[in-house]
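Asks:
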Ligand SMILES: NC(=O)c1ccc[n+]([C@@H]2O[C@H](COP(=O)([O-])OP(=O)(O)OC[C@H]3O[C@@H](n4cnc5c(N)ncnc54)[C@H](OP(=O)(O)O)[C@@H]3O)[C@@H](O)[C@H]2O)c1
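In the numbering used here, the protein residues as written are 104 to 345.
See the structure below:
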């Protein structure tokens, strides 16, 4: 029997960790749908990877747009009849340093619109994608979902800085747990991960890890065997506390 090539969708993949995840999935023989909200940036990133593999294509996707998400799920349904891997990587850091105080805002003074902004992309964005793509995974009785979260969302290691980012990532972890419970006893596995502190536009210059390291656990979770873990939080392929 001919084994069909597995299809992987990665969000926010025009740069940073998402781009590297696409590159590593191509190395693992996946057909990769690189998605990005900006068509020019997304197409430029796709062209870079096309130089090494034909198994990459671009799809315009802003995770805050329900219309974009619906278009993607329709496309997958008609073109491939499947989606094997979903990596919810798109993310923003909505909190900004206070120019006057030169400090991160306290939750007591943070603007609620900043917190809403974080939720819209980092949390609802991932949930939208799960709602759109899991039915396709259910049709095929197979799926791997990787939610790129952050140690800053760990309740066990919470402190006062950056409430917009922290709340959005903790809530993303809730989505991982709730969906894992709904899908228990299936071969659709969903997990959260923290990539560590990675040198990207979001991570900044002081970060300690290269993108290759930051993407490693995502690739490992995307390729989990049947019976692998689900509903857990990982860093460096090891379970970490919520
Ligand atoms: N770097 C770290 O140290 C670190 C640590 C912990 C967790 N993470 C998580 O890792 C993930 C990737 O971050 P990164 O470090 O690679 O940051 P990055 O280089 O800033 O990349 C973020 C990506 O998300 C995209 N994005 C933002 N809003 C989007 C939207 N509404 N729709 C679609 N795409 C959107 C960005 O697109 P544009 O180019 O159009 O803005 C960009 O492609 C994020 O979820 C982040 O929270 C990173």
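C-beta: ideal position from N, C-alpha, C; glycine also. These figures come from a predicted structure and were not determined experimentally.
Less than 8 Å between CB atoms is the rule here; does residue 117 satisfy it with respect to chain C?
Replies: Among the protein chains of the structure shown there is no chain C, as only one such chain exists.
Asks: According to DSSP, residue 141 sits in a beta bridge with which residue or residues?
Replies: DSSP output for residue 141 lists no bridge partner at all.
Asks: Using 8 Å as the Cβ pair cut-off and three pairs as the minimum, do the region 290 to 299 and the region 249 to 261 touch?
Replies: yes
Asks: Within the chosen definition, does the region 157 to 165 reach the region 208 to 221 through at least 3 CB pairs nearer than 8 Å?
Replies: no
Asks: Could you tell me the distance, in whole angstroms, from the CA atom of residue 148 to the CA atom of residue 200?
Replies: Rounded to the nearest angstrom, the two C-alpha atoms are 30 Å apart.
Asks: Say the cut is 7 Å; is the CB of residue 198 nearer than that to a heavy atom of ligand 1?
Replies: no
Asks: List, from N- to C-terminal side, the alpha helix (DSSP H) runs of 4 residues or more that fit wholly inside the region 130 to 181.
Replies: 142 to 153
Asks: For residue 271 versus residue 123, is the C-beta distance shorter than 8 Å?
Replies: no
Asks: Taking DSSP's pairing of strands, which residues face residue 250 in a bridge?
Replies: Residue 250 is bridged to 191, 295.
Asks: Following the continuous alpha helix (DSSP H) through residue 281, name the residue where it begins and the one where it ends.
Replies: DSSP places residue 281 inside the alpha helix (DSSP H), whose first and last residues are 266 to 285.
Asks: Is the beta carbon of residue 179 within less than 7 Å of some heavy atom of ligand 1?
Replies: no
Asks: Closer than 6 Å by C-beta to residue 110: which residues in its own chain qualify, once you throw out the five before and the five after it? Chain order, please.
Replies: 134, 183, 185, 186, 187
Asks: Compare the C-alpha of residue 138 against each of 129, 164, 226 and name the closest.
Replies: 164
Asks: Express the C-alpha separation of residue 108 and residue 132 in angstroms, rounding to a whole number.
Replies: Roughly 7 Å separates the two Cα atoms.
Asks: Is DSSP giving residue 341 helix, strand or coil here?
Replies: strand
Asks: Excluding the 5 residues preceding and the 5 following residue 273 in the sequence, name in chain order all residues of the same chain whose CB lies nearer than 6 Å to its CB.
Replies: 256
Asks: Identify, in the order they occur along the chain, each residue of the same chain with its Cβ nearer than 7 Å to the Cβ of residue 153, setting aside the five sequence neighbours on each side.
Replies: 159
Asks: Check the DSSP bridge columns for residue 113 and list the partner residues they point to.
Replies: 137, 190
Asks: If I'm right that residue 327 touches residue 292 with Cβ under 8 Å, what's the distance once you round it to whole angstroms?
Replies: 5 Å
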